[in-house]
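This report refers to the structure that appears directly beneath it.
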């Protein structure tokens with residue numbers, strides 16, 4: 006019998022292929038470095054941080070029935086995730102994300118999440134067929150949702166009664182996909198996790214600080230918004246006000262997955278009863294450890 010998950014992570018679970026170089030890079034750079042392939046995707050990065058903190062995450066995603074998909078399923082299970090609810094497609098290949106990072110940060114990235122997008126609402130079947138929930142008895146636990154889903158499916162989720170009882174935590178997959186989260190700006194149960202650029206996209210303006218961005222999102226109707234800004238101060242905005250904290254200063258060795266680590270650590274802290282101030286501090290510390298090369302535990 007499958008163990009009941011502590012949280013559902015809905016979105017991209019794919020192979021991350023990351024090239025990292027210890028030197029500064031620019032367009033056209035050809036330098037030595039390391040290339041790794043690991044399970045990745047926004048939903049997966051969140052799930053793994055949750056697992057390291059002791060929670061049992063379950064993934065709702067689309068993974069192909071190809072050799073890469075079989076290998077990915079095995080790797081994910083070995084890393085502590087429940088994969089029983091994943092939609093396995095015979096017609097769609099397993100998705101891939103590829104990025105190049107230098108000492109000066111992310112240089113370029115391409116996310117091939119076309120299979121997840123093509124699968125559509127098939128990945129949500131366990132929330133409808135009684136496995137995890139149904140319209141009559143919607144799932145009432147934590148859900149982490151990422152913006153790699155299509156605009157149509159995100160719109161559907163924002164309106165769906167299947168999510169009416171959930172504690173919904175939402176993050177864009179990238180600044181370029183931030184606009185997909187528009188349906189959650191006025192969602193009464195959604196907590197938005199965005200960086201400064203993504204906040205600006207949602208509000209169609211530019212912000213000079215995370216505090217201003219959090220205030221802007223609240224004015225646009227967000228129930229709650231957490232805004233990060235790299236090594237600068239991050240903010241948590243609710244109807245009770247905005248709190249802002251400075252992250253620990255660390256040497257940056259990687260950046261891909263930092264926002265996902267922040268989100269996961271924040272969710273864990275609140276699930277353990279931390280105050281808003283303590284949860285924000287714990288999330289910033291976890292993200293700082295992650296970008297410095299340490300595990301975010």
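In my numbering, the protein residues as written are 6 to 302.
No residue lacks a Cβ here, since even glycine has one placed at the ideal position from N, Cα and C.
For clarity, every value in this text was computed on a predicted model and none was experimentally measured.
Counting C-beta neighbours from all protein chains within 10 Å, is the total for residue i 16 or more, i.e. buried, or is it exposed?
i, result
"residue 216", "buried"
"residue 109", "exposed"
"residue 265", "buried"
"residue 138", "buried"
"residue 12", "buried"
"residue 134", "exposed"
"residue 278", "exposed"
"residue 288", "buried"
"residue 151", "buried"
"residue 192", "buried"
"residue 302", "Note on residue 302: pLDDT 47, under 50, position unreliable in the model; no value is reported."
"residue 210", "exposed"
"residue 256", "exposed"
"residue 237", "exposed"
"residue 130", "exposed"
"residue 27", "exposed"
"residue 206", "buried"
"residue 298", "exposed"
"residue 54", "buried"
"residue 145", "exposed"
"residue 69", "buried"
"residue 221", "buried"
If you measure between the beta carbons of residue i and residue j, is that distance less than 8 Å?
i, j, result
"residue 330", "residue 45", "The question about residue 330 has no answer, for the chain in this structure spans 6 to 302."
"residue 174", "residue 147", "yes"
"residue 106", "residue 25", "yes"
"residue 48", "residue 94", "no"
"residue 67", "residue 97", "yes"
"residue 121", "residue 89", "no"
"residue 183", "residue 203", "yes"
"residue 252", "residue 239", "yes"
"residue 275", "residue 248", "no"
"residue 199", "residue 177", "yes"
"residue 201", "residue 212", "yes"
"residue 273", "residue 58", "yes"
Contact defined as beta carbons within less than 8 Å: I believe residue i pairs with residue j. What is the distance between those atoms, to the nearest angstrom?
i, j, result
"residue 23", "residue 104", "5 Å"
"residue 317", "residue 219", "This structure cannot speak to residue 317, because the chain is shown only from 6 to 302."
"residue 143", "residue 170", "5 Å"
"residue 268", "residue 118", "Not confirmed; about 18 Å, so no contact."
"residue 271", "residue 284", "5 Å"
"residue 30", "residue 112", "5 Å"
"residue 286", "residue 250", "6 Å"
Compare the C-beta of residue i with all C-beta atoms of chain E and state if any pair is closer than 8 Å.
i, result
"residue 140", "Although the question refers to chain E, the structure presented lacks it and comprises just one protein chain."
Could you pull out every unbroken beta strand (DSSP E) segment of at least 3 residues lying fully inside the stretch 94-153, listed in chain order? 101-107, 110-117, 147-151
Indicate whether the contact test is met: 3 or more Cβ pairs, each with one atom in the stretch 32-43 and one in the stretch 63-70, closer than 8 Å. no
Would you call the stretch 180-189 and the stretch 155-163 in contact, with 3 or more CB pairs under 8 Å? yes
Counting only runs of 4+ residues fully inside the stretch 164-229, write out the alpha helix (DSSP H) ranges in chain order. 201-208, 215-224
Across the stretch 72-87 and the stretch 121-128, are there enough close Cβ pairs to call them in contact, namely three or more that are closer than 8 Å? no
Mind pulling the beta strand (DSSP E) runs of 3 or more residues that sit fully within the stretch 225-256? 229-234, 237-243, 246-250
Inter-stretch contact at 8 Å, needing at least 3 Cβ pairs: the stretch 230-243 / the stretch 80-91: no
Hey, which unbroken runs of the beta strand (DSSP E) at 3 residues or more fall wholly within the stretch 38-64? 39-45
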